[in-house]
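Residue numbers (the working numbering), protein chains in the order written: chain A, 1 to 418; chain B, 419 to 698. C-beta: ideal position from N, C-alpha, C; glycine also. This report concerns only the one structure given below.
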Amino acid sequence: MANITKYLSKILLFFFTLIAVSFLQPGNSLALTNDECIECHSDEELTAEKNGKTISLFMDIEIFAGTVHADNGCVSCHEEADVKGDEHPFPMSPVKCENCHDEIAEIYQNSEHGHSAADHHDKMAPTCKDCHTKHNILPPTNKNASTYPLNIPFTCGRCHREGSEMTKTHELSQHNIVENYSMSIHGKGLFVDGLIVTAVCTSCHTAHNVQKASNPESTVNRDNIVETCNQCHVGIVDQFKLSVHGNPDNTTDKKRPICVDCHNSHTIAQVDRKDFRLIIADQCGNCHAHESETYLETYHGRASMLWGGEQTAKCSDCHGSHNIMPLESKKSTINEVNIVETCAKCHPGANQSFTTYLTHATHNDREKYPSLFYTFWAMTGLLVGTFGFFGLHTILWVPRAIIEKFKTTTDEKTSKDN
Amino acid sequence: MDNNEPLYIERFSVFQRLTHLLVIISFLTLAITGMALKFAMEDWAQWIAYMTGGFTVLGALHRFFAIITFFYFFLTMIMLYTKWQESKKSLIGFVLDPEGLVPNLNDLKELIATVKWFLGGPRPYYGHWTYWEKFDFMAVFWGIAVIGSSGLALWFPELFSSFLPGWGLNIATIIHSDEALLAAGFIFTIHFYNTHLRPDKFPLDPVIFVGSMTVAELKHERPREYDQLMASGELDKLTKTRAPEAWLTRLSAVFGIFVVVTGSILVVSIIVTMVKYIHF
């Protein structure tokens, strides 16, 4: 008998354990099941009044079954709905994603979006559901997800496209960003070439930690941009970090360029396109004003300003772009060991003497270019002399010629009258 | 000359007229295409580049008409050689012919006489070429030598730098561009006025296109030449009653005025631009 009692107690313990464990499961047998919720919410005509608006309370459980939250019970998010009987409180408080996604929620709360929502009570500030949707949350690898790379510009663009309610009511440092992005090399990569590895909004701004560029923590802050671009452009950034512009060992007080100073953030152009080539001198000129101005005085610069002038040598054609080295470096494209080869890219017959052509010459600098200065002034003297002499000659001639003309006309008239 | 039918005398041969036509077309194109590059920062220069099809087209046109320029320079040399042979004079005698194109002491006297005329004195006793006409011819000669040689250096920079320093190309640029500014500025103002726009010729002296002028005009404008021709008895041999063809006169007027207007627009653009960049 003792054995039977012991056996029965073991069976009882097993069932108790089973019941106890079942309490811990989401959607547990004692909480409401999704089937129970759907009994009401599968009705397509089920509506309610909220803030004076009629909202649908219909829930398509089949779509939900394909989302990342398919295994969750309705009441694990809508906790207040977990009551006995047909009625639950309405309206219920907002869903708290942070109950599960606590780490991401913390990042979001510190982001510009999070601050706007919490601190400034900005009704337009996005919360989780604005980007991820409510019930239709798919993994970002799913083509239909709002967070799939091909869809991100549209997701962000709902608020950030020019002319939206948000852009009209907020002061923003950049404009037309979605349009500009679409025309940029990244936008082309995404929309024309269909590359999902192309940079989209979140690649540079991050998804949850979106910050203003002025914030030192921001991925698009001046101090962090190079690393942000480095996520993809590893080979370029490696070169850049060795260059005169990017070398961290190069100590200078001068402001040094970062990626976006030459490649604008949202309008980032295709570098072989003429619109990019035609602004190179201006961009480098932001810091190298004298070099840019004197370059524009030379043949290369003058031709650059004309229609079709994108072919002539631009700063980067001689100096390189990401790999610009100091002149003294043997690796510099304009160091004497490399300069013939550099010129020969366009001038196949280039020789050492040819490379002494002054590519940034100006005749206005007597100290630096005396030969150009004196040639210019000798020519100017010749022009002033010639025009001065013949100008005076003509000025004296005009009144005499008018008098003679008048006399001739009068004479003719007189002879005719006679 | 009491006859109502005016007598005409040839001033320019068909060869000379065609050469001048080549000069006009090539010079005007060279000036427009070159100035578009020199003043590339200006809207009007960018408009020229845009309308012609771009910088490459400008460069191609400029080089093509440079060849035309060398070609008519060569033709003129042949013409001068032929004239020298016909004159049966020594080379120095031909070059320094008092009625030739090289300026001489008499031109200085004529210049002084002209200034006196401007100030109220009598009209000078001009011959076949006045000193400003000689200057026009010599200036083109000189101009082609200077602009042509510096232009060739810029056309073939690799070749020229093999025997000249590379910075010589910077010098060549200044010389080419400023000498061209002088040439274009001179032709489109001084030459235009002296020859076409002055009140007694306005708007155009067609003689360079039609070739002949009336003897009455010759007598008034170039009394020394008229007297020389009368004295040698050649005048009667050279005159004819046939006026230039009407279509040719009309065509010259249209073409000539087009060129004068185009050149004037260009020179006004240049002057406006240069005034803009003068800093005091």
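Q.
Please classify S9(A) as buried or exposed, where buried requires at least 16 other C-beta atoms within 10 Å of its C-beta.
A. Along the first sequence, one-based indexing puts residue 9(A) at 9. Exposed, because fewer than 16 other Cβ atoms sit within 10 Å of the Cβ of S9(A).
Q) Looking at the C-beta of G584(B), does it have a partner C-beta in chain A at a distance below 7 Å? A) Taking the second sequence and counting its residues from 1, one reaches residue 584(B) at position 166. Yes - at least one Cβ of chain A is within 7 Å of the one on G584(B).
Q. In this structure, does DSSP put A145(A) in helix, strand or coil?
A. Locating residue 145(A) in the first sequence gives position 145, counting from the first residue. Looking at A145(A) - three-state DSSP - the assignment turns out to be coil, as it is neither helix nor strand.
Q: Pull up the distance between the alpha-carbon of V220(A) and that of T202(A), whole angstroms please.
A: The residue you call residue 220(A) lines up with position 220 of the first sequence. The residue you call residue 202(A) lines up with position 202 of the first sequence. Roughly 11 Å between the two C-alpha positions.
Q: Could you say which of Q211(A), D411(A), W397(A) and I403(A) lies nearest to T613(B) if we only look at CA atoms?
A: Position 195 of the second sequence holds residue 613(B). Of the residues Q211(A), D411(A), W397(A) and I403(A), the one whose Cα lies closest to the Cα of T613(B) is W397(A).
Q.
Could you tell me the alpha carbon to alpha carbon distance between L448(B) and L195(A), rounded to whole angstroms?
A. Within the second sequence, residue 448(B) is the residue found at index 30, counting from 1. Within the first sequence, residue 195(A) is the residue found at index 195, counting from 1. Taking the Cα positions, L448(B) is about 50 Å away from L195(A).
(Q) Rounded to whole angstroms, what is the Cα-Cα separation between M648(B) and G561(B)? (A) As a first step, residue 648(B) must be located in the second sequence, where it is residue number 230. As a first step, residue 561(B) must be located in the second sequence, where it is residue number 143. Whole-angstrom Cα-Cα distance: 36 Å.
Q) Taking Cβ positions, are F610(B) and V678(B) nearer each other than 7 Å? A) For the purposes of this step, residue 610(B) is identified with residue 192 of the second sequence, where counting begins at 1. For the purposes of this step, residue 678(B) is identified with residue 260 of the second sequence, where counting begins at 1. Result yes, Cβ atoms of F610(B) and V678(B) sit closer than 7 Å.
Q.
Taking the alpha carbon of D623(B) as the reference point, which residue from I486(B), D596(B), T667(B) and T607(B) has its own alpha carbon closest?
A. The residue given as residue 623(B) occupies position 205 in the second sequence. Considering only alpha carbons, the answer is T667(B).
**Q.** Under 7 Å between C-beta atoms of Y181(A) and G187(A)
**A.** Numbered from 1 along the first sequence, position 181 holds the residue referred to as residue 181(A). Numbered from 1 along the first sequence, position 187 holds the residue referred to as residue 187(A). Closer than 7 Å, so yes.
Q: State the beta-bridge partners of T54(A) as determined by DSSP.
A: Sequence index remark: in the first sequence, residue 54(A) carries index 54 (1-based). Note: T54(A) sits in a beta bridge opposite E49(A).
Q) Three or more C-beta pairs closer than 8 Å, one from the stretch 585-598 of chain B and one from the stretch 368-386 of chain A: is that the case here? A) Here the stretch 585-598 of chain B lies against the stretch 368-386 of chain A, with 3 or more beta-carbon pairs under 8 Å apart.
Q: Mind checking who K658(B) pairs with in its DSSP beta bridge?
A: Your numbering for residue 658(B) matches position 240 in the second sequence. The partner list for K658(B) (beta bridge, DSSP) reads Y426(B).
Q) If you draw a straight line from the C-alpha of G73(A) to the C-alpha of T33(A), how long is it? A) The sequence position of residue 73(A) within the first sequence is 73, counting from 1. The sequence position of residue 33(A) within the first sequence is 33, counting from 1. Roughly 7 Å between the two C-alpha positions.
Q. Using a beta-carbon distance below 7 Å, is A634(B) in contact with chain A?
A. The sequence position of residue 634(B) within the second sequence is 216, counting from 1. When Cβ-Cβ separations below 7 Å define contact, A634(B) makes no contact with chain A.
Q. Excluding five sequence neighbours on each side, which residues of the same chain lie with their C-beta closer than 7 Å to the C-beta of C262(A)?
A. For the purposes of this step, residue 262(A) is taken as the residue at position 262 of the first sequence. Exclusion of the five residues before and after C262(A) leaves Q283 as the residues of its chain whose Cβ lies within less than 7 Å of its Cβ.
Q.
Three or more C-beta pairs under 8 Å: does that hold for the stretch 567-574 of chain B against the stretch 427-446 of chain B?
A. Remark: fewer than three beta-carbon pairs, one from each stretch, lie closer than 8 Å, so the stretch 567-574 of chain B and the stretch 427-446 of chain B are not flagged as touching.
Q | Pick from N364(A), G308(A), L278(A) and L327(A) that is closest to I696(B), judged by C-alpha positions | A | Numbered from its first residue, the second sequence carries residue 696(B) at position 278. The shortest Cα separation from I696(B) among N364(A), G308(A), L278(A) and L327(A) belongs to N364(A).
Q) Taking the alpha-carbon positions, what's the L519(B) to T494(B) distance? A) Stepping through the second sequence from its first residue, residue 519(B) is reached at position 101. Stepping through the second sequence from its first residue, residue 494(B) is reached at position 76. So the alpha carbons of these two residues sit roughly 13 Å apart.
Q: Determine whether the Cβ of E576(B) lies closer than 7 Å to any Cβ atom of chain A.
A: As a first step, residue 576(B) must be located in the second sequence, where it is residue number 158. With 7 Å as the cut-off, E576(B) counts as an interface residue toward chain A.
Q | Assigned exposure category for T5(A) - 16 Cβ within 10 Å defines buried | A | Residue numbering aside, residue 5(A) sits at position 5 when the first sequence is read from its first letter. T5(A) counts as exposed, since fewer than 16 other C-beta atoms from the protein chains shown sit within 10 angstroms of its C-beta.
Q.
So, with DSSP's three-state summary, where would you put M92(A)?
A. Translated into positions along the first sequence, residue 92(A) becomes position 92. DSSP places M92(A) in coil when its eight states are reduced to three.
Q: Could you please give the first and the last residue of the uninterrupted alpha helix (DSSP H) stretch that includes M631(B)?
A: In the second sequence, counting from the first residue as 1, residue 631(B) sits at position 213. That residue, M631(B), is in no alpha helix (DSSP H); its beta strand (DSSP E) goes S630 to T632.
Q) Which residues bound the alpha helix (DSSP H) around Y299(A)? A) In the first sequence, counting from the first residue as 1, residue 299(A) sits at position 299. Start and end: Y299 to S304.
Q.
Does the structure place the stretch 111-122 of chain A close enough to the stretch 87-94 of chain A that three or more beta carbon pairs sit under 8 Å?
A. The answer is no - the stretch 111-122 of chain A does not touch the stretch 87-94 of chain A, with fewer than three Cβ pairs under 8 Å.
Q: Using a Cβ-Cβ cut-off of less than 7 Å, give me the residues of the stretch 298-310 of chain A that come near chain B, in sequence order.
A: So the list reads Y299, R302, A303, M305, L306, W307, G308 and G309, given in the order they occur along the chain.
Q) Does any CB atom of chain A fall closer than 7 Å to the CB of Y544(B)? A) For the purposes of this step, residue 544(B) is taken as the residue at position 126 of the second sequence. No, no contact with chain A.
(Q) Within a Cβ cutoff of 7 Å, which residues of the same chain sit near V340(A), ignoring the five residues on either side of it in sequence? (A) For the purposes of this step, residue 340(A) is taken as residue 340 along the first sequence, with counting starting at 1. Excluding its 5 nearest sequence neighbours in each direction, V340(A) has C-beta neighbours in its own chain below 7 Å: A350, N351, Q352 and T355, listed in chain order.
Q. Comparing alpha-carbon positions, which option in S630(B), W665(B), W547(B) and L669(B) lies nearest P424(B)?
A. By 1-based counting over the second sequence, the position of residue 424(B) is 6. Relative to the Cα of P424(B), the nearest Cα in the group S630(B), W665(B), W547(B) and L669(B) belongs to S630(B).
Q: Compile a chain-ordered list of the residues in the stretch 613-637 of chain B whose CB is closer than 7 Å to at least one CB of chain A.
A: Taking a C-beta cut-off of 7 Å against chain A, the contacting residues of the stretch 613-637 of chain B are R616, P617 and D618, listed in chain order.
Q.
Quick check: is the beta carbon of F473(B) nearer than 7 Å to any beta carbon in chain A?
A. Stepping through the second sequence from its first residue, residue 473(B) is reached at position 55. Under the Cβ criterion of 7 Å, F473(B) is counted among the residues facing chain A.
Q | Amino acids of chain A, ordered along the chain, whose beta-carbon sits closer than 7 Å to that of T591(B) | A | Stepping through the second sequence from its first residue, residue 591(B) is reached at position 173. For a Cβ distance threshold of 7 Å, residue set Y299 of chain A lies close to T591(B), ordered along the chain.
Q. When Cβ atoms are compared, which residues of the stretch 437-467 of chain B fall closer than 8 Å to chain A?
A. Correct list: A454, L455, K456, A458, M459, A463, Q464 and A467.
Q | Straight-line Cα distance separating H322(A) from H266(A) | A | The sequence position of residue 266(A) within the first sequence is 266, counting from 1. The sequence position of residue 322(A) within the first sequence is 322, counting from 1. Near 20 Å, if we compare the C-alpha coordinates of H322(A) and H266(A).
Q.
Can you confirm whether Y419(A), when its beta carbon is compared against all beta carbons of chain B, has any partner nearer than 7 Å?
A. In the structure as shown, chain A begins at 1 and stops at 418. Residue 419(A) is therefore absent and cannot be evaluated.
**Q.** chain B contact for G194(A) (CB, 7 Å cutoff)
**A.** Numbered from its first residue, the first sequence carries residue 194(A) at position 194. Under the Cβ criterion of 7 Å, G194(A) is not counted among the residues facing chain B.
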